[in-house]
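S.K.: Starting off with a structure, shown below.
Number of protein chains: 2
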Amino acid sequence: MEKQHTISVLMENKFGVLARVAGLFCGRGYNIDALTVNKTYDPEVSKMTIVTHGDDAIIEQIDKQLNKLIDVIKVTDLSGSDFVERELALIKVTGTTQKERVEIIKLAESYAGRIVNVQDDELCLEVSGESNRIEDFIKLVESYGIIEIARTGRVAVSRTAGATEDYSDL
Amino acid sequence: MEKQHTISVLMENKFGVLARVAGLFCGRGYNIDALTVNKTYDPEVSKMTIVTHGDDAIIEQIDKQLNKLIDVIKVTDLSGSDFVERELALIKVTGTTQKERVEIIKLAESYAGRIVNVQDDELCLEVSGESNRIEDFIKLVESYGIIEIARTGRVAVSRTAGATEDYSDL
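Quick note, the sequences are listed as chains A and B, same order.
In terms of the numbering used here, the first sequence is numbered consecutively and its last residue is 196.
In terms of the numbering used here, the second sequence is numbered consecutively and its last residue is 196.
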C-alpha cells in the first residue's frame, strides 16, 4: 500500500550532495512530496528530510540507494517509529474588515499561531505543527481568501531517549 | 561583496524539477546553504526557497539561469526587499537534573519556543523565527549539551500588501 514516509538523511556538508540525491530520486522515478536541507550542529554535516510516498518495496529501494551514495552518513525512515515531526507555514490571508481581522487573529491564536505582519487588508500568519495540523488551519482560514502560502518541508527527530540518529552516534 | 540571499522560486509541481534546479547549482558551482521545497495553495505549483551566497554578479547569474529553466514560473530575490523570513528548528538538549530542565524550559519560553517532548534526561524543543534568532537560541542552550538539531530551510513572503510573488499574480 502507498504510504507517506519521512526519510532523514545525514550527509557530509559537501558541494553537490543535494544534486546527487535529487538526481537519484528523479532518475529512478521516486516521488518527492517535500524536501528540506540545512546544516546541523556539526558544520561538516547536513541533514536532509525528504517526504516521499510509495509502497514498501519502493521505500526499501530508496533506503538502499541513498545508503549507496558517497557522502551519505546515515538514512533513517522516521515514519514507522515514534518521532516528533514539525513543519512551519507562512500564510497570507485577506482581512478586509476589522471584524474579519479579529476573527483571523482568534483562529491563529487557537492554533498557537502568530501574527507576523499586517499591511492594509492583508495579515501574514505563522503556524507550525504536524503537516495535517497545518492543512486543518488552512481549511479554517481559506474562506477569508488566501493570498499566498509558503511552507517549509518537514523536520523530524526521534522521541526515544538515546535514539538520536545524529552523527554523534557513529 | 559576498552576501547571503534568500531566493524564492515558484515552479510547476512536476516530476524532476528539483533535480534540474539542484543540477544547475551544482554544475555552475553555486552554493546552497539551505533549501526547502513544498507545495503551495495551488496543487499544481510548488515553491522552493534557496538560501545561497555570492557576490552580486553570481546572484544575477543564478536569477537568469533559474528563469531559463522550463517549469520555473517566477524567481524572486527576497533579500533586498522588505520580507518576513522564518525557519523552524527541533533541538534536543540534555537536562540531567530537575534544575537544568526548569532552566531549559524557561529559556525556551523566553524565545516563544515550545517543549515538544521530554524523555528521561532529554528535552526536545521547537523554536521558530529568523535564522539568526535560532542561532542565538542554540548558543543559549548549548552549554547543557546538544544531542541533535533538525532545522527546516527558510521560507519567506513579502511584507508589502499586493506584492505577493504568488502565481495568482501572473
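A virtual CB, placed ideally from N, CA and C, is assigned to each residue, including glycine.
Remember, predicted model here, so these are calculated numbers, not experimental data.
For glutamine 30 (chain B), I'd like the list of residues in its chain whose CB is within less than 6 Å of its CB, leaving aside the five on either flank, ordered along the chain.
M.R.: Cβ within range, chain order: His79.
S.K.: So for arginine 180 (chain B), helix, strand or coil by DSSP?
M.R.: If DSSP states are grouped into helix, strand and coil, arginine 180 (chain B) belongs with coil.
S.K.: Starting from lysine 132 (chain B), follow the alpha helix (DSSP H) in both directions and report where the run begins and ends.
M.R.: Lysine 132 (chain B) -> alpha helix (DSSP H) spans 124-136.
S.K.: Rounded to the nearest angstrom, what separates glycine 155 (chain A) and serine 169 (chain B) at their Cα positions?
M.R.: Rounded to the nearest angstrom, the two C-alpha atoms are 27 Å apart.
S.K.: Count Cβ pairs between the stretch 45-54 of chain A and the stretch 44-59 of chain B that sit closer than 8 Å; are there 3 or more?
M.R.: Yes, they touch.
S.K.: Just list the residues that DSSP pairs isoleucine 141 (chain B) with in beta bridges.
M.R.: Answer is B:Leu151.
S.K.: Below 8 Å on the Cβ atoms is my guess for glycine 179 (chain B) versus glutamate 113 (chain B); work out the distance and round it to an integer in Å.
M.R.: Contact holds; Cβ gap of about 7 Å.
S.K.: Bridge partners for glutamate 70 (chain A) per DSSP, in chain order?
M.R.: BP columns for glutamate 70 (chain A) are empty, so no partner.
S.K.: Let me see if you follow: with CB-CB separation under 8 Å, is glutamate 38 (chain B) close to chain A or not?
M.R.: Chain A contact via Cβ: absent.
S.K.: By DSSP, does aspartate 103 (chain B) sit in helix, in strand, or in coil?
M.R.: Of the three classes helix, strand and coil, the one that applies to aspartate 103 (chain B) here is strand, per DSSP.
S.K.: Let me check understanding here. Comparing Cα to Cα, which of B:Asp82, B:Ile172, B:Met37, B:Val35 lies closest to lysine 118 (chain B)?
M.R.: Among B:Asp82, B:Ile172, B:Met37, B:Val35, the Cα nearest to that of lysine 118 (chain B) is on B:Ile172.
S.K.: Can you name the start and end residues of the alpha helix (DSSP H) that asparagine 158 (chain B) belongs to?
M.R.: Note, asparagine 158 (chain B): alpha helix (DSSP H), 157-167.
S.K.: Quick one: what's alanine 115 (chain A) bridged to in DSSP?
M.R.: According to DSSP, which records beta bridges pairwise, alanine 115 (chain A) is partnered with A:Val153, A:Arg177.
S.K.: Using a Cβ-Cβ cutoff of less than 7 Å, which residues in the same chain neighbour aspartate 147 (chain B) once the five nearest sequence positions on both sides are dropped?
M.R.: These residues qualify, in order along the chain: Thr120, Gly121, Thr122.
S.K.: Could you tell me whether the Cβ atoms of alanine 182 (chain B) and leucine 104 (chain B) are closer together than 8 Å?
M.R.: Yes.
S.K.: Does glutamate 28 (chain B) come out as helix, strand or coil in the three-state DSSP assignment?
M.R.: Here glutamate 28 (chain B) sits in coil by DSSP.
S.K.: List, in order along the chain, the chain A residues whose C-beta lies closer than 9 Å to that of arginine 159 (chain B)?
M.R.: Here the premise fails: no neighbours, minimum Cβ distance about 12 Å.
S.K.: So if I threshold CB-CB distances at 8 Å, which residues from the stretch 125-154 of chain A count as touching chain B?
M.R.: Against chain B - using a Cβ distance shorter than 8 Å - the residues of the stretch 125-154 of chain A are Ala138, Arg140, Val142, Asn143, Gln145, Asp146, Asp147, Glu148, Cys150, Glu152, Ser154.
S.K.: With a threshold of 8 Å between beta-carbons, can alanine 83 (chain B) be considered close to chain A, or not?
M.R.: Output row for alanine 83 (chain B): interface = no.
S.K.: Within 10 angstroms of the Cβ of leucine 196 (chain B), are there 16 or more other Cβ atoms? Answer buried if so, exposed if not.
M.R.: The pLDDT assigned to leucine 196 (chain B) is 37, lower than 50, so where the model puts this residue is not dependable; a value taken from the coordinates is nonetheless given after this. Leucine 196 (chain B) comes out exposed.
S.K.: Residues of chain B with a CB under 9 Å from the CB of phenylalanine 51 (chain A): which are they?
M.R.: Result: Gly42, Leu44, Ala45.
S.K.: Since valine 110 (chain B) meets chain A, which of its residues come closer than 7 Å, beta carbon to beta carbon?
M.R.: Simply Leu116, Val142, Asn143, Cys150.
S.K.: What does glycine 179 (chain A) touch in chain B if you count any residue whose Cβ is under 8 Å from its own?
M.R.: In chain order: Thr62, Val63, Asn64, Thr178, Gly179.
S.K.: Along the chain, where does the alpha helix (DSSP H) containing leucine 61 (chain A) start, and where does it finish?
M.R.: No alpha helix (DSSP H) holds leucine 61 (chain A); the beta strand (DSSP E) holding it covers 60-65.
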